[in-house]
Amino acid sequence: MKIALMDSGIGLLAAAAAVRRLRPDADLVLSSDPDGMPWGPRTPEYVTEHALGAARAAAAHRPDALIVACNTASVHALPALRAELEPGIPVVGTVPAIKPAAAGGGPVAIWATPATTGSPYQRNLIREFAGSVDVTEVPCPGLADAVQHADEDAVDRAIGAAAALTPDDVRAVVLGCTHYELVAERIRAAVQPAGLPPVVLHGSAGAVAAQALRRIGAAPAPAATPSTSLAVLLSGRPSRLPDAALTYVEGRLLATVAPTG
Numbered sequence: 043m044k045i046a047l048m049d050s051g052i053g054l055l056a057a058a059a060a061v062r063r064l065r066p067d068a069d070l071v072l073s074s075d076p077d078g079m080p081w082g083p084r085t086p087e088y089v090t091e092h093a094l095g096a097a098r099a100a101a102a103h104r105p106d107a108l109i110v111a112c113n114t115a116s117v118h119a120l121p122a123l124r125a126e127l128e129p130g131i132p133v134v135g136t137v138p139a140i141k142p143a144a145a146g147g148g149p150v151a152i153w154a155t156p157a158t159t160g161s162p163y164q165r166n167l168i169r170e171f172a173g174s175v176d177v178t179e180v181p182c183p184g185l186a187d188a189v190q191h192a193d194e195d196a197v198d199r200a201i202g203a204a205a206a207l208t209p210d211d212v213r214a215v216v217l218g219c220t221h222y223e224l225v226a227e228r229i230r231a232a233v234q235p236a237g238l239p240p241v242v243l244h245g246s247a248g249a250v251a252a253q254a255l256r257r258i259g260a261a262p263a264p265a266a267t268p269s270t271s272l273a274v275l276l277s278g279r280p281s282r283l284p285d286a287a288l289t290y291v292e293g294r295l296l297a298t299v300a301p302t303g
């Protein structure tokens, strides 16, 4: 079994680690686009072009499924990716976990990139899945970029700014960018009011990993013998995990697999 994941940068680590936990025997292909990132502020046409480039690089490794581990690419490029790759390679997109967050009753905050915050796409999801729940959309300028470069001070500043826009009574936070899942506990600490039950964070990594397995008819097997195959592609170039990836738990988990070029 071989699962490929694509993103503009290292935001794909969270979903890759989730796949690794569910099926440690799966070979992994990680395709990102450091030459073209960030995708968030770009036009839909730009995002689609670069997402197709990352997907084609991954598809050359003949995976059984491709996870689009990027909210921006899922919004703008999913139809083009599916048109080109399916049915040969099932394509699994990433959707913000608004539905499960709203099921808890709210109030809910959705942390996302400035381009996604207030977008018709996100507003439609809110109307569909959280119509009766109090939802606050929180833009997080600079957070994805700070996470990408493992810039600790910039991460703290961006989280602090977003936390200041998050109401004190919020009981759940949707992490609307895959990069944010890599600093989830820092986000939780920033929004947690004293003396109240823990704020629940809702990411997408576990859900997309499980969906990829369902699409190829594979059941979770967390005790399976681990694979030693990891292909890392940086704007199509065979490489190794970037140093910034190793600052996160998810990156270190994947680093236990010997990269193959």
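Numbering of the sequence shown is given in our numbering, commencing with residue 43 and proceeding in unit increments.
Ideal Cβ positions, reconstructed from N, Cα and C, are used throughout, including at glycine.
Nothing here was measured: the structure is a model prediction, and the numbers come from that model.
Bridge-paired residues (DSSP) for Val216
Ile152, His244
Nearest by alpha-carbon distance to Glu87: which of Cys182, Ala115, Pro156, Ala204 is it?
Ala115
Using the Cα positions of Leu288 and Ser73, report the straight-line distance between them to the nearest angstrom.
16 Å
Can you check whether the CB of Ile152 is closer than 8 Å to the CB of Glu170?
no
Taking C-beta to C-beta, are Thr90 and Ala122 nearer than 8 Å?
yes
Cβ contact (3+ pairs, closer than 8 Å) linking the segment 70 to 84 and the segment 265 to 280
yes
For Glu292, count neighbouring C-beta atoms within 10 Å of its own C-beta (all shown protein chains included) and say buried if the count is 16 or more, exposed if not.
buried
Tell me the DSSP secondary structure of Thr289 in three-state form.
helix
Going by the DSSP bridge assignment, what does Ser74 pair with across the sheet?
Leu276
What is the C-beta distance between Leu224 and Ile201, in whole angstroms, given that I count them as a contact (C-beta under 8 Å)?
Contact doesn't hold; Cβ gap of about 12 Å is too wide.
Can you list, in chain order, the stretches of the beta strand (DSSP E) that have 3 or more residues and sit fully within the segment 43 to 92?
44 to 48, 69 to 74
Under the three-state reduction of DSSP, which class applies to Ala186: helix, strand or coil?
helix
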